[in-house]
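A.B. asks: My questions all concern the structure below.
Residue numbers (UniProt numbering): 1 to 118.
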């Protein structure tokens, strides 16, 4: 019995040197959010007892403060119980926020939460 969280959260850089409206050079490198608190979802007892397993694609918006502002199902597991368990847990996660250069920015990303019986 276990839960595997496949995160699509890694540092990414774009060509990042650009000029601002005054012609000043600014660092526009984009850094994705960095997970700092990501507990795994609990396997719902009723789903486990029924042998239900599956993968939930979860979309999330991470605010400039690193808190999860919203979560939604991108790809359902086919089980409302597993989908809700994934959403409930991911909504509690915390991140270092995404950054464009030195400025924290809100961003959207997605990940998969797999519920596997072992």
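Glycine included, every Cβ here is placed at the ideal spot set by N, Cα and C.
Would you identify the three-state DSSP class for residue 99, choosing helix, strand or coil?
C.D. replies: Correct three-state label for residue 99: strand.
A.B. asks: Considering residue 90, what are the terminal residues of the alpha helix (DSSP H) in which it resides?
C.D. replies: Start and end: 80 to 90.
A.B. asks: Looking at the secondary structure, which residues open and close the alpha helix (DSSP H) in which residue 49 lies?
C.D. replies: Note, residue 49: alpha helix (DSSP H), 45 to 49.
A.B. asks: Do you know offhand how far residue 76's Cα is from residue 98's?
C.D. replies: Residue 76 and residue 98: Cα-Cα distance of roughly 26 Å.
A.B. asks: Any idea what DSSP makes of residue 106, helix, strand or coil?
C.D. replies: Coil, per DSSP.
A.B. asks: Which residues does DSSP pair with residue 94 in a beta bridge?
C.D. replies: The partner list for residue 94 (beta bridge, DSSP) reads 37, 67.
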